[in-house]
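Peer 1: Here you go, one structure.
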Amino acid sequence: MTIKDKYLKILSCLVILLLGMSLVPAASANSDSSTIPSLPNVFGGNLKGDAANAGSGLVISAYIDSKLVGSNTIDGNGRYLVTVDGTKQDNGKAITFKLAGVPSEPVSVTYKHGAEPVEIDLTFNGDFEPPTIESLSAFPLYILNDGKDFSTVRAKVVGRPSGEPSVTIDLNGIEQGVVSLKPESGDLYFYDIKSTKTGKFKFSFTAANPSGSSVTDKESISISILSEGELETEFGNADGAFSPEEIMNLVSNNDVSSGIKYAALGIYFADGWDRI
Numbered sequence: 001m002t003i004k005d006k007y008l009k010i011l012s013c014l015v016i017l018l019l020g021m022s023l024v025p026a027a028s029a030n031s032d033s034s035t036i037p038s039l040p041n042v043f044g045g046n047l048k049g050d051a052a053n054a055g056s057g058l059v060i061s062a063y064i065d066s067k068l069v070g071s072n073t074i075d076g077n078g079r080y081l082v083t084v085d086g087t088k089q090d091n092g093k094a095i096t097f098k099l100a101g102v103p104s105e106p107v108s109v110t111y112k113h114g115a116e117p118v119e120i121d122l123t124f125n126g127d128f129e130p131p132t133i134e135s136l137s138a139f140p141l142y143i144l145n146d147g148k149d150f151s152t153v154r155a156k157v158v159g160r161p162s163g164e165p166s167v168t169i170d171l172n173g174i175e176q177g178v179v180s181l182k183p184e185s186g187d188l189y190f191y192d193i194k195s196t197k198t199g200k201f202k203f204s205f206t207a208a209n210p211s212g213s214s215v216t217d218k219e220s221i222s223i224s225i226l227s228e229g230e231l232e233t234e235f236g237n238a239d240g241a242f243s244p245e246e247i248m249n250l251v252s253n254n255d256v257s258s259g260i261k262y263a264a265l266g267i268y269f270a271d272g273w274d275r276i
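Below, the structure written as structure tokens:
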């Protein structure tokens with residue numbers, strides 16, 4: 001193909017493209033305007049009043065004529081963002097906002113179909129603060145995967161005056177779902193983690209007040225669940241067998257469960273009582 005032929009081919013493609021574009025307005029003009037999707041308004045800004053310290057998990061909602069037209073979950077950073085999905089018929093109507101069902105202080109804002117994003121601060125007063133996690137731990141840190149050995153999670157969670165907090169731990173990593181901790185005396189809670197799976201796991205711990213405002217700790221609960229076949233590799237040397245010193249160190253290690261210690265002793269004495 002010569003250079004002239006290439007230019008002619010490119011020119012032909014441009015002509016076809018321009019002709020196709022010229023047909024688009026005509027096709028659009030003949031289409032039913034009702035098929036064009038509505039253009040939502042986006043509102044964002046600072047949360048003020050009691051909501052300034054709200055934790056994550058609360059739902060902020062927008063209403064027009066008592067009809068829900070948008071909602072989103074706040075992430076606890078003192079700000080909100082919500083998309084209001086109204087129609088042309090809602091144009092000029094007042095929008096009201098609620099946080100966890102609590103109306104905001106009065107604001108003058110109306111729906112404007114297809115308008116630019118609006119920055120407006122909203123003030124809410126109510127019980128929006130999350131509970132306080134005063135202490136959180138798991139002990140022991142190493143357990144056996146026999147489904148009987150366990151590590152106990154203990155937490156002290158101080159709730160808000162409006163009611164008792166919801167205290168949960170996410171055990172999806174060991175296929176047990178999200179479970180609630182059991183209350184002890186005062187503000188103390190506990191749960192015994194057992195599993196037949198193996199691995200090193202971090203479990204998310206969440207405390208929420210009745211309004212839904214929550215706080216989550218993703219780092220404090222870290223547990224290793226081991227099989228008997230992994231004990232010598234985890235606590236012994238590379239020679240594949242426990243030495244007397246390693247057994248003594250393991251038995252005196254407070255981070256290791258009794259189940260692992262008994263299993264390790266069983267492995268150590270498997271060759272006979274002459275080791276005693």
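Heads up: the sequence shown begins at 1 in full-length UniProt numbering, then just goes up one per residue. Every residue gets a Cβ at the ideal spot worked out from N, C-alpha and C, and that includes glycine.
1) Below 7 Å CB to CB, which residues in the same chain sit around residue 46 once its five sequence neighbours on both sides are set aside?
2) Rounding to the nearest angstrom, what Cα-Cα distance links residue 192 and residue 217 in this structure?
3) If I'm right that residue 54 touches residue 131 with Cβ under 8 Å, what's the distance once you round it to whole angstroms?
4) Give, in chain order, every unbroken run of the beta strand (DSSP E) that is at least 3 residues long and sits entirely within the stretch 50–87.
5) For residue 256, I'd like the list of residues in its chain whose CB is within less than 8 Å of its CB, leaving aside the five on either flank, ordered along the chain.
6) In angstroms, rounded to a whole number, what distance separates the CA positions of residue 128 and residue 209?
7) Answer with buried or exposed for residue 85, where buried requires no fewer than 16 other C-beta atoms within 10 angstroms of its C-beta.
8) Give the secondary structure of residue 226 by DSSP, where H, G and I count as helix, E and B as strand, and everything else as coil.
9) What do you get for residue 152, buried or exposed, if any count of 16 or more other CB atoms within 10 angstroms of its CB means buried?
10) Since residue 73 and residue 49 should fall inside the 8 Å C-beta cutoff, what is the C-beta to C-beta distance between them, to a whole number of angstroms?
11) If you pair each beta-carbon of the stretch 197–207 with each one of the stretch 173–183, do three or more pairs fall below 8 Å?
12) Going by alpha carbons, who is nearest to residue 42 out of 67, 65, 241, 95?
13) Among 64, 211, 100, 242, which residue has its Cα nearest to the Cα of residue 89?
14) Could you give the first and the last residue of the continuous alpha helix (DSSP H) run that contains residue 251?
15) Use the C-beta contact count for residue 82: other C-beta atoms within 10 angstroms, 16 or more gives buried, fewer gives exposed.
16) Cβ atoms of residue 145 and residue 227: under 8 Å apart, would you say?
17) Among the candidates 51, 110, 244, 119, whose CA atom is the shortest distance from the CA of residue 98?
18) Start and end of the beta strand (DSSP E) containing residue 199?
19) In the DSSP assignment, what residue or residues form a beta bridge with residue 98?
20) What's the gap between the Cα of residue 160 and the Cα of residue 137?
Peer 2: In terms of the structure at hand:
1) Counting only Cβ-Cβ distances below 7 Å, and skipping sequence neighbours, we find 78, 79, 121.
2) One C-alpha to the other measures close to 18 Å.
3) The pair is not a contact, with the Cβ atoms about 12 Å apart (cut-off 8 Å).
4) Segments of the beta strand (DSSP E) lying fully in the stretch 50–87: 59–64, 67–73, 79–84.
5) Cβ neighbours of residue 256 beyond the five flanking positions: 140, 141, 142, 235, 250.
6) Those two C-alpha atoms are separated by around 8 Å.
7) Label assigned to residue 85: buried.
8) In this structure, residue 226 counts as strand in the three-state DSSP scheme.
9) By the 10 Å Cβ count, residue 152 comes out exposed.
10) Actually they do not touch by this definition, with Cβ atoms about 19 Å apart.
11) Short answer: they touch.
12) Looking at 67, 65, 241, 95, the one whose alpha-carbon comes closest to that of residue 42 is 95.
13) Nearest C-alpha to residue 89: 64.
14) Annotation for residue 251: the continuous alpha helix (DSSP H) segment containing it runs 244–251.
15) Flag for residue 82 reads buried.
16) Taking the C-beta atoms as reference points, residue 145 is found nearer than 8 Å to residue 227.
17) For residue 98, the closest of 51, 110, 244, 119 by C-alpha to C-alpha distance is 51.
18) From DSSP, the beta strand (DSSP E) with residue 199 extends over 199–208.
19) Secondary-structure assignment with DSSP links residue 98 through a beta bridge to 61, 103.
20) Put simply, the backbone Cα of residue 160 is about 22 Å away from that of residue 137.
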